[in-house]
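Student: Pasting a structure here, questions to come.
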Amino acid sequence: MNTPEQTMPGNKGISNFFIFQAWLVLLLASFFGASLAGIQLTLSPKIEANKLNETLEKVPELILGAEAAQALSKENRLMDIDRQFIEAGNKIYSVFQAKTNGQTDGWVVKASGQGYADRIELLVGVDAKADTITGLFILDQKETPGLGNKIMEPAWRNQFNNRPTQQQMTAVKTKASAANEINAITGATISSKAVCDIVNQTLNNLRQPLTKADSNEQKPSDNQPNNHQEKK
Amino acid sequence: MADQPTAFERFTQGILPENPVYRQLLGLCPVLAVTNSMQGAMTMAGAVLFVLFCANVIISLIRDLLKPHLRIVIFTLTIATFVTIVDRFLAAYMYQMSKSLGPYIPLIIVNCIIICRCEVCASKQSVITAASDAIGQSLGFALALASIASVREILGTGMFFGFRVLPEMWPDWVIMVLPPGAFLTFGLLLGLVNWVVALKKAKD
Chain W
1 MNTPEQTMPG NKGISNFFIF QAWLVLLLAS FFGASLAGIQ LTLSPKIEAN
51 KLNETLEKVP ELILGAEAAQ ALSKENRLMD IDRQFIEAGN KIYSVFQAKT
101 NGQTDGWVVK ASGQGYADRI ELLVGVDAKA DTITGLFILD QKETPGLGNK
151 IMEPAWRNQF NNRPTQQQMT AVKTKASAAN EINAITGATI SSKAVCDIVN
201 QTLNNLRQPL TKADSNEQKP SDNQPNNHQE KK
Chain G
233 MADQPTAFER FTQGILPENP VYRQLLGLCP VLAVTNSMQG AMTMAGAVLF
283 VLFCANVIIS LIRDLLKPHL RIVIFTLTIA TFVTIVDRFL AAYMYQMSKS
333 LGPYIPLIIV NCIIICRCEV CASKQSVITA ASDAIGQSLG FALALASIAS
383 VREILGTGMF FGFRVLPEMW PDWVIMVLPP GAFLTFGLLL GLVNWVVALK
433 KAKD
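Chains as they are written, first to last, in the working numbering: chain W, 1 to 232; chain G, 233 to 436.
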């Protein structure tokens, strides 16, 4: 019923401008926006707490590997996990330090960055000296189901295990051969690259602060036996 | 508009005669994607009920203010708001469920059942009719999800709502919980429904 002539801004007065016809859209958008902001404010502490719990559960697995972490929980032994915030590269990272008997076992860093669809939030585990990646876990993602969301699958994210943190990880479409190459997911190259970029950026920023933090802590505990090993 | 269905007709039609999944073939993305377990399917049905009810009520309240060329924008805006509310709510109170449903909750925004009900019913009829239409259609949707999910979960894992119903020796038909199982189950059930409808028509 609205031909283009009728809806175009013309000589029929102010009500013919699109912007005035859209008053209801604008009004609803502001109203809905405000209520969503309210809901986000109310629920976000709870959501953050859920994520924190999941992170704490994942820390042993990300540092020791899945088998050792299972053995640890079977023996009912717990790792001491300290949460701290480290500022590096204009970002504040939430870092979890896992210790057994005062010795640092490793670090888990929470990082995030833009994926293909939405922000990807992930956890990177590194060893005590921040030399090697010990694990990767995807906390939150909204990538395409069936393609990009395969970044969550252990088979893909375990490729990062035991990689040196010094080098820049790249996702390649052909078979990965070099030490810094990760097989990209078919049909989800952007998601794969996004994860690599987040990991690279995080480790570049944090490698030095973490190494420093670990060596600072070594000094007071020098009198303890240094050859501590994880029982399996 | 004397020929528009009444509130009660809208309600009953949504459940079986105009079942959104089996008779209108709408909203098939969640039907195929989240029906490998009853818990996921029922959470999805609840989310759709909430979103459809709220969207229908709001659209019906403002139906006299809608402009034809701006109505779809307003539908989408309203639907997206309530979907975001559901998404945040699940992340806060049903965290594991929200992770396993993943992007399918945000994808309710583009579920055509909801925009279809806004267009067909809520933008033309009173609030009471729109609300009962929303409940009827959601129950129809829940029924469809439940029928497919129970077949898939029982045959695929031997369990129902996470409780074992088939004996331990049941060889789990893993294909039923994988995507092909969704197509198989849905196709067979859809054929069954069509067959029953055809039989009924032949009797009349």
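Here a beta-carbon is modelled for each residue, glycine too, at the ideal position from N, C-alpha and C.
Comparing the C-beta of ALA22/W with each C-beta of chain G, is any distance below 8 Å?
Tutor: Output row for ALA22/W: interface = yes.
Student: Does the beta-carbon distance from THR134/W to ASN101/W come in below 8 Å?
Tutor: No, these two residues do not count as a Cβ contact at 8 Å.
Student: Does the distance from the CB of SER370/G to the CB of ALA287/G come in under 8 Å?
Tutor: Not in contact: SER370/G and ALA287/G (Cβ atoms no closer than 8 Å).
Student: Since PHE321/G contacts LEU43/W with CB under 8 Å, what's their CB separation in whole angstroms?
Tutor: Confirmed, Cβ separation roughly 7 Å.
Student: Quick one: which chain G residues come within Cβ less than 8 Å of ALA29/W?
Tutor: Simply LEU309.
Student: Determine whether the Cβ of PRO335/G lies closer than 8 Å to any Cβ atom of chain W.
Tutor: Yes, its Cβ sits closer than 8 Å to a Cβ of chain W.
Student: My guess is that GLY388/G and GLY413/G are in contact by the Cβ rule of under 8 Å, so how many angstroms apart are they, rounded?
Tutor: At roughly 6 Å, the Cβ-Cβ gap stays under 8 Å, so GLY388/G and GLY413/G are in contact.
Student: Got a sec, what are the start and stop residues for the beta strand (DSSP E) THR134/W sits in?
Tutor: Element bounds for THR134/W: 133-140.
Student: Could you compute how far the alpha carbon of TYR93/W sits from the alpha carbon of VAL109/W?
Tutor: So the alpha carbons of these two residues sit roughly 7 Å apart.
Student: Which chain G residues are close to ASN50/W, counting only those with a beta carbon under 8 Å from its beta carbon?
Tutor: In chain order: ALA323, ALA324, TYR327.
Student: With DSSP as the reference, please indicate the residues paired to ILE86/W in a beta bridge.
Tutor: Answer is TYR93/W.
Student: Three-state secondary structure (DSSP) at GLU256/W?
Tutor: Lying before the first or after the last residue shown, residue 256/W is absent from chain W, which here runs from 1 to 232.
Student: Going residue by residue through the region 309-388 of chain G, where are the continuous alpha helix (DSSP H) segments of at least 4 residues, counting only ones entirely within it?
Tutor: If we require 4 residues or more, the alpha helix (DSSP H) runs fully inside the region 309-388 of chain G come out as 327-333, 344-349.
Student: Rounded to whole angstroms, what's the CA-CA distance from ALA324/G to PRO145/W? Just pull it up for me.
Tutor: One C-alpha to the other measures close to 22 Å.
Student: Would you list the residues sitting across from GLY106/W in a DSSP beta bridge?
Tutor: Its beta-bridge partners are ALA98/W, ASP127/W.
Student: Distance check for VAL124/W and GLN245/W, CA to CA, integer angstroms please.
Tutor: Given a span of 1 to 232 for chain W in the structure shown, any question on residue 245/W remains unanswerable.
Student: What is the DSSP secondary structure of ILE291/G, counted as helix, strand or coil?
Tutor: Of the three classes helix, strand and coil, the one that applies to ILE291/G here is helix, per DSSP.
Student: Verify whether the separation of the beta carbon atoms of GLY113/W and GLN201/W is less than 8 Å.
Tutor: The answer is yes: Cβ separation under 8 Å.
Student: Mind checking which residues open and close the alpha helix (DSSP H) that includes THR144/W?
Tutor: It is not in any alpha helix (DSSP H) - THR144/W carries neither H nor E in the DSSP assignment.
Student: Look up ALA171/W in the DSSP assignment and give the residues it is bridged to.
Tutor: According to DSSP, ALA171/W bridges with ILE182/W.
Student: Count Cβ pairs between the region 163-171 of chain W and the region 180-190 of chain W that sit closer than 8 Å; are there 3 or more?
Tutor: Yes, since at least three Cβ pairs between the region 163-171 of chain W and the region 180-190 of chain W fall closer than 8 Å, the two stretches touch.
Student: By Cβ distance below 8 Å, which residues in the same chain neighbour PHE415/G in space, the five residues on each side in sequence not counted?
Tutor: Only LEU264 meet the Cβ criterion.
Student: Would you verify that the beta carbon of LEU260/G is, or is not, closer than 8 Å to some beta carbon of chain W?
Tutor: Output row for LEU260/G: interface = no.
Student: Can you tell which of ILE337/G, PHE314/G, ARG295/G, ALA376/G has the C-alpha that lies nearest to the C-alpha of LEU421/G?
Tutor: For the residues ILE337/G, PHE314/G, ARG295/G, ALA376/G, the minimum Cα distance to LEU421/G belongs to ALA376/G.
Student: With DSSP run on the structure shown, which of helix, strand or coil describes LEU302/G?
Tutor: LEU302/G: helix per DSSP, three-state reduction.
Student: What residues in the region 352-379 of chain G have a beta carbon less than 7 Å from any beta carbon of chain W?
Tutor: Cβ contacts with chain W come from no residue of the region 352-379 of chain G.
Student: Take the Cβ of TRP156/W as the centre, count every other Cβ of all protein chains shown within 10 Å, and call the residue buried at 16 or more, exposed below.
Tutor: TRP156/W is buried by the Cβ-count criterion.
Student: Quick test of your reading: VAL318/G and ALA279/G, contact by CB under 8 Å. State the CB separation rounded to the nearest angstrom.
Tutor: Their Cβ separation, rounded to whole angstroms, is 5 Å, which keeps VAL318/G and ALA279/G in contact under 8 Å.
Student: For ILE81/W, write down the residues that DSSP places opposite it in a beta bridge.
Tutor: ILE81/W is bridged to ALA98/W.
Student: Count the other CB atoms, across all protein chains shown, that sit within 10 Å of the CB of PRO252/G; report buried if there are 16 or more and exposed otherwise.
Tutor: So PRO252/G ends up on the buried side.
Student: For GLN114/W, which three-state DSSP category applies?
Tutor: Strand, per DSSP.
Student: Short of 7 Å Cβ to Cβ, which residues in the region 139-172 of chain W face chain G?
Tutor: Listed by position, the residues of the region 139-172 of chain W near chain G (Cβ gap below 7 Å) are LYS142, PRO145, ASN149.
Student: Output yes if chain W places a C-beta closer than 8 Å to the C-beta of VAL283/G; else output no.
Tutor: No, no contact with chain W.
Student: Taking 6 Å as the limit between beta carbons, can you name the residues of its chain near PRO237/G, skipping five residues before and five after?
Tutor: Cβ within range, chain order: n/a, list empty.
Student: Which partner residues does PRO237/G have in the DSSP bridge list?
Tutor: None; PRO237/G has no bridge partner.
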